[in-house]
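Protein chains: 2
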Amino acid sequence: MDRSPAGDGIVRVGVLGCGNVGAALVALLGERRDAIAARTGLRLEVARVAVRSLARERPVVLGPDVLTRDTAAVVDAPDIDVVVEVIGGIEPARELSLAALKGGKPLVTANKELLANHGSELFAAADAAGVDLLFEAAVAGAIPILRPLRESLAGEDISRVMGIVNGTTNFILTRMSEQGSGYAEALAEAQSLGFAERDPAADVEGFDAGSKAAILASIAFGARVVAGDVHHEGIAGITAADIAFADRLGYAIKLLAVAERTPGPDGDEIGVRVHPAMVPLAHPLANVRDTFNAVFVEGRSVGELMFYGRGAGGRPTASAVLGDLVDAATNLCRGTHATVGALAKARIRPIDEVVSSYYLNLDVEDRPGVLRAIAEVVERHGVSIRSMEQQGLGEEARLIFITHQAREADVQATLADLRDLDVIHHVGSVLRVVGDDA
Amino acid sequence: MDRSPAGDGIVRVGVLGCGNVGAALVALLGERRDAIAARTGLRLEVARVAVRSLARERPVVLGPDVLTRDTAAVVDAPDIDVVVEVIGGIEPARELSLAALKGGKPLVTANKELLANHGSELFAAADAAGVDLLFEAAVAGAIPILRPLRESLAGEDISRVMGIVNGTTNFILTRMSEQGSGYAEALAEAQSLGFAERDPAADVEGFDAGSKAAILASIAFGARVVAGDVHHEGIAGITAADIAFADRLGYAIKLLAVAERTPGPDGDEIGVRVHPAMVPLAHPLANVRDTFNAVFVEGRSVGELMFYGRGAGGRPTASAVLGDLVDAATNLCRGTHATVGALAKARIRPIDEVVSSYYLNLDVEDRPGVLRAIAEVVERHGVSIRSMEQQGLGEEARLIFITHQAREADVQATLADLRDLDVIHHVGSVLRVVGDDA
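Heads up: the sequence lines are chains A and B, in that order. FYI, in the working numbering the residues of the first sequence are 1 to 438. FYI, in the working numbering the residues of the second sequence are 1001 to 1438.
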């Protein structure tokens, strides 16, 4: 099999970074080398691994000729055929990735932050050099989602992609739902199990899911969407009471990344947001538990699809990287490459214009006229109520509303006016309801 | 964009068959032509459609220059670049598909029966000609599963694939479970809604799922597995009582296609079977309702994945065909092609050697010594009981057992001996329990 760049059937892989994913990749590649060779005729060898410190202990053994502190020996070296970037973060990952691509080396990366912020620049560099840029592991870890979106659904008119793409928050919400824990308690459990960082902001405030939402929107719609385009709300305000109400009404609360395409006056518009949402219990996303991820895709012909699996972890993520690596190596030896194509400009629909059904939770005075006062406010803003339920009586009365489809701006204006009503003591959680469009 | 075979950016598609899927494909291609051209630079044109009768009414309008009864004008014509086969069945689909491939035309097919019986011959013809043979739509309709298995999971060590791949039987089982219907009643409802044929044998006896199981096993394990290798049992024996018991024990009953790879004395062995199974309610497959399909994949690194969506229907299936068609057209213009690779020979593990946990349902005489008599038989065959429950008393007593992992042959021998016991009036359903290996 004389198909590799050097003509010896061996594809030399250079890896940037040797943390959790990098070390798992090196180990996995060792285990799977023969099976991959039997299937593709190519032998993938880890020729070089660039790290920050040579002294640090690692779970994989790497020879002194492989381990280096010199990143140029990976991205610029003529004897490296394909580069894997698993450093994470923006710099130096961006600079090194661009150097590899510009030097004509295919690049496989798991770096969501880099792609969500500098995707266009990287795609352009890959296309200019005529090499692969593959990043399946950047969204929903081990789940094959980007390749199906790009290739299997190449002919499909995709209208919406909704994902549970952050395992930490899904674990917290699962615990709150199944064990009745409060948010703080569930977060502490996630931290003690290593599922949440000591500073959990990136996960619980939706930044991590936001990067993934931007990448999903870019690939699903072929449009330029960056992390800064994503509206995000976190889960810290969700209470055990919200979860209990939701359950009684037939919903689970999940942190969703939602990317939608809708026709606008000047062409398609794209809305991208991350927020906790009420999902009907019969919806496939409602049953995604613990740290699992899932991405739900709606297309005009294909109907509903869902892709489910592990969203994080060294070995699952390394498996996704390895799938890309086999593809990049095969393409390289065939003299071809995949392409994301030129990403079109599309208007990003501001969150104010997003249309959804809403769950509202109001602590009210229990006296005649309260409901009428609320109904007046709601009606004034063109919002209509689908269902209402009173919980408790007297001082502790609480009204739970679910609205019909309404514009975010109208709902926010409604809430502002409701907060001014004397009879309303407190406006609790406001959650969008998805998956049962009404 | 001057990349198509004729150098004009147009890829001429020839279609064999214009039934449900063929007509939907022609319509979909018309709708999506511009979007595909914007993304790939290629214009896909339906140049010819071969049908049996020119007179028949069709939901799509085709010009007299497009519609033909001459299949050679599709498979042998120099002005056809890519062939789509949506006739179904073995002949003439096989002969025409081989002719197209041997003539150097990439082939996209949705024909599960053809692939499950003559896959190796077709793969060999495609490889010899150096052209694509793509068939995503043949398994689980619109769900992208074969491409992820072949490409995204190229580096993965897959141990098991379990799928709900027949929508008819899943609809029947869903109705039995959610409405308490009997089998005959649920089947009649499926027939009246058009989800089941008047002669439902292919679906309810597991033949359809068996073909899909063979294809899944071939692609997941890179091994030669044909329809005849698949052990299959249908759902006609499942009673409303079985479903109710299963539910109370925490299980759903689903018709599963299971493909497993296990190490044997002379290399890997592959077991492929279709049968009703008890799936724990918390398992993602248990929540797949109505006519939906899903395929659950277990791999050593990747952990658990699931792919969910529509398994049938003209437009969903056409969407999967179109994804393959875009891929085949792109590859053709780049002078490359995908390959399944040589399928290895592997020993097919006979059903007798399959290991599983079992649910047994026995109508017994309610008197002292019965349980001891049963325990003696079970123990003699090396089967061990994980849980037992008695339902009813006196004449109507029923014992429900769930075993630990046991060999099929041992369970069958146990059942034969149990049937000989005077104290056992009737041996009811015997179901394999999957998804909570114990």
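Glycine included, each C-beta is placed from N, C-alpha and C at the ideal position.
Residue i vs residue j beta-carbon contact at 8 angstroms
i                       : j                       : result
residue 28 of chain A   : residue 36 of chain A   : no
residue 1082 of chain B : residue 1318 of chain B : no
residue 108 of chain A  : residue 209 of chain A  : no
residue 1144 of chain B : residue 1136 of chain B : yes
residue 429 of chain A  : residue 404 of chain A  : no
residue 1187 of chain B : residue 1201 of chain B : no
residue 1377 of chain B : residue 1417 of chain B : yes
residue 1268 of chain B : residue 1338 of chain B : no
residue 285 of chain A  : residue 251 of chain A  : no
residue 997 of chain B  : residue 1044 of chain B : No statement about residue 997 of chain B is possible, as the shown extent of chain B runs from 1001 to 1438 and does not include it.
residue 1084 of chain B : residue 1112 of chain B : no
residue 146 of chain A  : residue 126 of chain A  : no
residue 288 of chain A  : residue 170 of chain A  : yes
residue 66 of chain A   : residue 16 of chain A   : no
residue 1062 of chain B : residue 1090 of chain B : no
residue 391 of chain A  : residue 398 of chain A  : yes
residue 400 of chain A  : residue 245 of chain A  : yes
residue 308 of chain A  : residue 238 of chain A  : no
residue 47 of chain A   : residue 26 of chain A   : no
residue 1343 of chain B : residue 1264 of chain B : no
residue 225 of chain A  : residue 348 of chain A  : yes
residue 1220 of chain B : residue 1149 of chain B : yes
residue 1409 of chain B : residue 1365 of chain B : no
residue 1069 of chain B : residue 1093 of chain B : no
Neighbouring residues, chain A, relative to residue i (Cβ below 8 angstroms)
i                       : result
residue 1327 of chain B : 151, 154
residue 1323 of chain B : 151, 152, 153, 154, 155, 156
Contact set between residue i and chain A, taken where Cβ atoms lie within less than 7 angstroms
i                       : result
residue 1318 of chain B : 301
Neighbouring residues, chain B, relative to residue i (Cβ below 7 angstroms)
i                      : result
residue 336 of chain A : 1334, 1336
residue 315 of chain A : 1301
Anticipated Cβ contact below 8 angstroms, residue i with residue j, distance rounded
i                       : j                       : result
residue 141 of chain A  : residue 310 of chain A  : 5 angstroms
residue 56 of chain A   : residue 159 of chain A  : Incorrect: roughly 47 angstroms between the Cβ atoms, too far for contact.
residue 1357 of chain B : residue 1258 of chain B : Actually they do not touch by this definition, with Cβ atoms about 13 angstroms apart.
residue 59 of chain A   : residue 1301 of chain B : About 14 angstroms separates the two Cβ atoms, so there is no contact after all.
residue 322 of chain A  : residue 33 of chain A   : That belief does not hold up - the Cβ atoms of residue 322 of chain A and residue 33 of chain A are roughly 10 angstroms apart, past 8 angstroms.
residue 1174 of chain B : residue 1290 of chain B : 5 angstroms
residue 71 of chain A   : residue 96 of chain A   : 6 angstroms
residue 154 of chain A  : residue 204 of chain A  : Not quite, the Cβ-Cβ distance comes to about 36 angstroms (not below 8 angstroms), so this is no contact.
residue 1242 of chain B : residue 1177 of chain B : About 10 angstroms separates the two Cβ atoms, so there is no contact after all.
residue 1431 of chain B : residue 1172 of chain B : Rounded, the Cβ-Cβ distance is 16 angstroms, inconsistent with contact.
query: For the stretch 295-309 of chain A, which residues have a beta carbon sitting closer than 9 angstroms to at least one beta carbon of chain B?
result: 296, 297, 299, 300, 301, 302, 303, 304, 305, 306, 307, 308, 309
Between the stretch 131-164 of chain A and chain B, which residues of the former have CB atoms less than 8 angstroms from a CB of the latter, in chain order? Those would be 136, 142, 143, 144, 147, 148, 151, 152, 153, 154, 155, 156, 157, in chain order.
- Taking a cut of 9 angstroms between CB atoms, which residues from the stretch 1024-1036 of chain B lie near chain A? 1024, 1028, 1029, 1031, 1032, 1035, 1036
- Message: So if I threshold CB-CB distances at 7 angstroms, which residues from the stretch 37-67 of chain A count as touching chain B?
- Response: 39
Closer than 8 angstroms, Cβ to Cβ, to anything on chain A: give me those residues from the stretch 1205-1231 of chain B, in chain order.
Against chain A - using a Cβ distance shorter than 8 angstroms - the residues of the stretch 1205-1231 of chain B are 1222.
- request: Using a Cβ-Cβ cut-off of less than 9 angstroms, list which residues of the stretch 276-288 of chain A approach chain B; keep chain order.
  value: 282, 284, 286, 287, 288
Practice problem: Closer than 7 angstroms, Cβ to Cβ, to anything on chain A: give me those residues from the stretch 1178-1200 of chain B, in chain order. | Solution: none
- Return the residues of the stretch 339-353 of chain A that lie within a Cβ-Cβ distance of less than 7 angstroms from chain B, sorted by chain order. 341
- prompt: Is the stretch 102-121 of chain A touching the stretch 289-299 of chain A, taking contact as three or more C-beta pairs under 8 angstroms?
  reply: no
Contact between the stretch 1264-1281 of chain B and the stretch 1210-1227 of chain B is defined here as three or more beta-carbon pairs at a separation below 8 angstroms; is this criterion met? Segment contact: the stretch 1264-1281 of chain B against the stretch 1210-1227 of chain B, three or more CB-CB distances shorter than 8 angstroms; contact assigned.
On the three-pair Cβ rule with 8 angstroms, is the stretch 414-430 of chain A touching the stretch 359-366 of chain A?
yes
task: For the stretch 1325-1333 of chain B and the stretch 1094-1109 of chain B, state whether three or more C-beta atom pairs, one from each stretch, are separated by less than 8 angstroms.
output: yes
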